[in-house]
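In our numbering, the protein residues as written are 3 to 806.
Even glycine gets a Cβ: it sits at the ideal position worked out from N, Cα and C.
Right, one structure below, let's go through it.
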RNA sequence: GCUGAAGUGGUGGAAUGGCAGACACCGGGGACUUAAAAUCCCCUGCCCCAAAAGGGCGUGCGGGUUCGAGUCCCGCCUUCAGCACCA
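This is the structure in structure tokens:
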């Protein structure tokens, strides 16, 4: 045993990190002999600011699980990589005239060094980087497969266009309707873009949720986002002779339709412009709508606006009544058919619209007062004013009307999804080139697989062109190519893929990261898939998490991966807020830099605090004083070396506490209740201090339990005291249930639910025996003071309640 | 407006319908020290009482269920996050 030294985290942490690097003992084993465990964190975007205190929250949590699983005998793949394409890097490159690849390399190196300082047990030998051509070769390959199966197509879609900078902007760059950089006006400009048909997978993505174990709020949010609804499409006839098809979830209310609303972009507006008496007004409204972003159009609480198409009317197919047709920007071309029938009596938005514009309101479901408010209850109402539907319940009416519409050929049952197809084009440089060529003879032609990766060319200038094309469009040498099909002159696609592309399949590449022939071998995929546990932020629930499920399910359908779903389990961490309780941001000046905390307190204390600060799934404000408290705890653990007793084994008076800690810590880690697990270890250490001594066995158990959270200090103490081989190689401790059984337990004595005393009772006292036992008790006699008990309740081990 | 989450001491937070405030932070007191820091020990929800003993009040608000409610039900209020008025 060496001399006692002060706890010096800087030296200890460096030593063990170097040891893990050299031995690779935390890396996944290539053998498939052991059962596998694949935990995953969302790989970071390597921003110029470096790591913030939010990253280590998720990382430490999964590191704890990963380290525990290794001790439980699993072969663990805990990978790390970088999601390195993206806007901030590109903007930085433009501003500073540096190639984005250079910036990316600097940032990745910085991130890696910061992550290593925190002692995460990542397998760095499997690192991936989405900007590496050897990686994005396979991103492009997946795109080609999607194209092959008809899931990639081109469509006219609006982009945000700054009229002053003359560039396309991301939603994020549009703040309050104006350009974030110059404050210029932003309009929506239509451009032909690549789309992915995620809507074809809507039902599969809903059904897949039943096969996995996601926390409830994630499944709920994905289901709501996909938004399956069942209703009907119905044809109305216009006075122009056209059929106007609408989608409705309430076909039962068809008799109550008193007007129609179509989207301002609806083709019928353009088609019949000479029949529309107030066309100038309509055109002005349409132009105003075009200027608005989807968000503004759908912004709530805003006043309903709209314009009647004068000169065109629609006929209600059931009543034969002619009703007016309006345009309004709250109806979007992208959902349903871009047209609705309005039933103001039973839809709140329609009701408001009708009130504002003085349109008639006809009650067709009895039960409310439709002049006062829309009546939307679909459980209680009975049909009225609805011809053959009268007297039916809403449910019956729905079925009857759909059957009727189908019979007459004017409508049909229809399932709709809120989910929209995925706009896959960006007018940017720093993304994966889309491997497609436009040929005047053959149309869009995919590159041959053997020509992948299609690398990004070196350009001088990364600024988008002022006509909305990607910077790549200026690279005529690169753009002009030959058609892979006919060999004639052709042009490359110059838009690039969105950042979501690389992150939609990165967990597959980790499995076989150096494979040049395929994105991963089936043999490895079969062993490692699915990801057993994926932790990430709630903000990625409806985009990244859904997109990657979509790609994975597609790859399954073409036989490229062996599982339907990529992730078995999904959990989520809460955000770390600034000490003022607000979101951390540079502008608020409340950002905490993890490097500074590690410098002052060490990585172990930092990790400990990240896990101790509060409930893992809740947003928590950062308090550096709290982190100092965690360092104090580690100091106390360190000092236990000076309190070593001669005895070995677990002493009798500590058996309960030690085993209680094993049980509680083991269970709490699994449920991500890290804060209470740590509290339990603090309690154990407090007990050891009270006693003033600790055996080697007791200390070894504590170090083992603490190791996943604070891996450096625990390995160092284990080694310094020669307690055994490295903790990473030792099995996870098992609770001795017998040690938790006690002869007597303290229970509370209550009168009418109020605590009036405490008493020790045999721990095996049952409900049946309790009455007799307590009747003989002095304390109970005293409390009763002659009163007659009406009822006696014993909760074993908890309390005895006397109702008088 | 919709959806989701949450309101508990001075602070962060604990609590399968069963002793509210575990574990920490801050603060106070003591020991050690020439002294300070660090460390160790003790106290620390609020109110009444000189103190103790002993009461009383307490988990956003108002009701309810229950022997018993932070927890369950109904109705409000507030805060945070997300959002695509989805017919």
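Query raised in the report: Just reading off the alpha helix (DSSP H) that residue 196 is part of, what are its end residues?
Result: Position 194 of the first chain, counted from the first residue, corresponds to residue 196. First-last for residue 196: 188-198, but that is the beta strand (DSSP E), not the alpha helix (DSSP H).
Query raised in the report: By Cβ distance below 6 Å, which residues in the same chain neighbour residue 782 in space, the five residues on each side in sequence not counted?
Result: Within the first chain, residue 782 is the residue found at index 780, counting from 1. Its chain contains 776 as the residues whose beta carbon lies nearer than 6 Å to that of residue 782, once the 5 sequence neighbours on both sides are disregarded; these appear in chain order.
Query raised in the report: For the candidate residues 618, 607, 645 and 642, whose alpha-carbon lies nearest to that of residue 628?
Result: The count along the first chain starts at 1 and reaches residue 628 at position 626. That would be 607, whose Cα lies nearest to the Cα of residue 628.
**Report entry** Three-way DSSP call (helix, strand, coil) for residue 36 in this model
**Finding:** As a working note, residue 36 is residue 34 in the first chain. The answer is coil: DSSP assigns residue 36 none of H, G, I, E or B.
Report task. Please name the residue, chosen from 567, 579, 164 and 601, that lies closest to residue 591 on a Cα-to-Cα basis. Result -> Within the first chain, the letter at position 589 stands for residue 591. Taking only the C-alpha atoms, the option nearest residue 591 is 579.
Query raised in the report: Quick one: what does DSSP say residue 803 is sitting in, helix, strand or coil?
Result: To locate residue 803, count along the first chain from 1; it is residue 801. In this structure, residue 803 counts as strand in the three-state DSSP scheme.
Query raised in the report: Hey, how far is the Cα of residue 104 from the Cα of residue 463?
Result: For this step, residue 104 is matched to residue 102 along the first chain. For this step, residue 463 is matched to residue 461 along the first chain. C-alpha separation (whole angstroms): 14 Å.
Requested in this report: Would you kindly report the start and end of the unbroken beta strand (DSSP E) that includes residue 163?
Outcome: Reading the first chain from its first residue, position 161 is the one you call residue 163. Residue 163 -> beta strand (DSSP E) spans 154-164.
Report task. Tell me whether residue 501 is buried or exposed, calling it buried when 16 or more other Cβ atoms sit within 10 Å of its Cβ. Result -> Start at 1 with the first residue of the first chain, and residue 501 comes out as number 499. With 16 or more other Cβ atoms within 10 Å, it is buried.
Query raised in the report: Taking all protein chains shown into account, do 16 or more other C-beta atoms lie within 10 angstroms of the C-beta of residue 736, making it buried, or fewer, making it exposed?
Result: Residue mapping note: residue 736 aligns to position 734 of the first chain, counting from 1. That one is exposed.
Requested in this report: Between the Cα of residue 725 and those of 418, 518 and 700, spot the shortest distance and give me the residue it belongs to.
Outcome: What you label residue 725 is simply residue 723 of the first chain in a count that begins at 1. Selected option, being the one with the closest Cα: 700.
**Report entry** Contacts around residue 545, its chain only, beta-carbon distance under 8 Å, and the 5 residues preceding and following it disregarded
**Finding:** By one-based count along the first chain, residue 545 stands at place 543. Cβ neighbours of residue 545 beyond the five flanking positions: 502.
**Report entry** Among 451, 194, 692 and 60, the one whose alpha carbon lies nearest that of residue 470
**Finding:** In the first chain, residue 470 corresponds to position 468, counting from 1. Nearest option by C-alpha distance: 194.
Query raised in the report: Considering only residues of the same chain and omitting the five flanking positions on each side of residue 744, which have a CB-CB separation below 6 Å?
Result: In the first chain, counting from the first residue as 1, residue 744 sits at position 742. Same-chain partners within the cutoff: 765.
Query raised in the report: Closest by CA to residue 749, which one among 241, 102 and 797?
Result: Numbered from 1 along the first chain, position 747 holds the residue referred to as residue 749. It is 797 whose Cα lies nearest to the Cα of residue 749.
Query raised in the report: So what does residue 469 bridge to, in DSSP terms?
Result: Reading the first chain from its first residue, position 467 is the one you call residue 469. Beta-bridge pairing links residue 469 to no other residue.
Query raised in the report: Does the separation of the CB atoms of residue 309 and residue 329 fall below 8 Å?
Result: As a position in the first chain, residue 309 is number 307, starting the count at 1. As a position in the first chain, residue 329 is number 327, starting the count at 1. A contact, by the Cβ cut-off of 8 Å.
Requested in this report: Quick one: measure Cβ to Cβ for residue 638 and residue 603, integer angstroms, because I've assumed they're closer than 8 Å.
Outcome: Locating residue 638 in the first chain gives position 636, where the first residue counts as 1. Locating residue 603 in the first chain gives position 601, where the first residue counts as 1. In fact, because the Cβ distance is near 14 Å, the residues do not count as touching under 8 Å.
Query raised in the report: CA-CA distance, residue 116 and residue 15?
Result: Position 114 of the first chain, counted from the first residue, corresponds to residue 116. Position 13 of the first chain, counted from the first residue, corresponds to residue 15. So the two alpha carbons sit approximately 13 Å from each other.
Requested in this report: Can you have a look at residue 708 and say buried or exposed, based on whether 16 or more other CB atoms are within 10 angstroms of its CB?
Outcome: Reading the first chain from its first residue, position 706 is the one you call residue 708. So residue 708 ends up on the buried side.
Query raised in the report: With DSSP run on the structure shown, which of helix, strand or coil describes residue 303?
Result: As a first step, residue 303 is located in the first chain; it is residue number 301 there, counting from the start. Bear in mind that a pLDDT of 47 at residue 303, under 50, signals an unreliable position, so the model cannot answer this.
Query - Helix, strand or coil at residue 332 according to DSSP, with G and I counted as helix - result: Walking along the first chain from the start, residue 332 turns up at place 330. Coil at residue 332, not helix or strand.
Query - 6 Å Cβ shell around residue 303 - same chain, five flanking residues per side excluded - result: Position 301 of the first chain, counted from the first residue, corresponds to residue 303. A caution first: residue 303 carries a pLDDT of 47, below 50, which makes its placement in the model too unreliable to give a value.
Query raised in the report: By a C-beta neighbour count over all protein chains shown, 10 Å radius and 16 as the cutoff for buried, is residue 250 buried or exposed?
Result: Reading the first chain from its first residue, position 248 is the one you call residue 250. With 16 or more other Cβ atoms within 10 Å, it is buried.
Requested in this report: In the DSSP assignment, find the unbroken beta strand (DSSP E) run with residue 241 in it and report its ends.
Outcome: Start at 1 with the first residue of the first chain, and residue 241 comes out as number 239. It is not in any beta strand (DSSP E) - residue 241 carries neither H nor E in the DSSP assignment.
Report task. Taking only the alpha-carbon atoms, compute the straight-line gap between residue 649 and residue 696 and give it to the nearest angstrom. Result -> As a first step, residue 649 is located in the first chain; it is residue number 647 there, counting from the start. As a first step, residue 696 is located in the first chain; it is residue number 694 there, counting from the start. Spanning the two alpha carbons is a distance of roughly 9 Å.
**Report entry** Contacting residues, own chain, Cβ-Cβ under 7 Å from residue 529 (five flanking each side not counted)
**Finding:** Within the first chain, residue 529 is the residue found at index 527, counting from 1. Close CB contacts of residue 529 within its chain, under the 7 Å cut and outside five residues either way in sequence, are with 34 and 38 (chain order).
Query - Closest residue to residue 206 among 685, 658 and 566 (Cα-Cα distance) - result: Residue numbering aside, residue 206 sits at position 204 when the first chain is read from its first letter. Measuring from the Cα of residue 206, the nearest candidate turns out to be 566.
Query raised in the report: Name the DSSP bridge partner or partners of residue 319?
Result: As a first step, residue 319 must be located in the first chain, where it is residue number 317. Residue pairing by DSSP leaves residue 319 without any beta bridge partner.
Report task. Within 10 angstroms of the Cβ of residue 656, are there 16 or more other Cβ atoms? Answer buried if so, exposed if not. Result -> Taking the first residue of the first chain as position 1, residue 656 is located at position 654. By the 10 Å Cβ count, residue 656 comes out buried.
Report task. Decide yes or no for the touch test of the segment 84-99 against the segment 46-60: beta carbon pairs closer than 8 Å, at least 3 of them. Result -> Touching, yes, given that three or more Cβ pairs across the two stretches are closer than 8 Å.
Requested in this report: Please work out which residues of its chain come closer than 6 Å, Cβ to Cβ, to residue 132, disregarding the five sequence neighbours upstream and downstream, and give them in chain order.
Outcome: In the first chain, the residue the question calls residue 132 occupies position 130. Closer than 6 Å at the Cβ level, and outside the excluded window around residue 132, lie 85, 86, 87 and 504.
Report task. Taking only the alpha-carbon atoms, compute the straight-line gap between residue 440 and residue 493 and give it to the nearest angstrom. Result -> Counting from 1 along the first chain, the entry for residue 440 is found at position 438. Counting from 1 along the first chain, the entry for residue 493 is found at position 491. As the crow flies, the alpha-carbon of residue 440 is around 5 Å from that of residue 493.
**Report entry** Spatially closest choice to residue 237 from 561, 66 and 343, by CA coordinates
**Finding:** Position 235 of the first chain holds residue 237. Distance check between residue 237 and each of 561, 66 and 343 places 343 closest, using alpha-carbon atoms only.
Query raised in the report: Where does the unbroken beta strand (DSSP E) through residue 419 begin, and where does it stop?
Result: Translated into positions along the first chain, residue 419 becomes position 417. Segment 413-419, the beta strand (DSSP E) holding residue 419.
Query raised in the report: Leaving out five residues before and five after residue 274 in sequence, what residues of the same chain have Cβ atoms less than 7 Å from its Cβ?
Result: As a working mapping, residue 274 is identified with position 272 in the first chain. Result list for residue 274: 242 and 314, in chain order.
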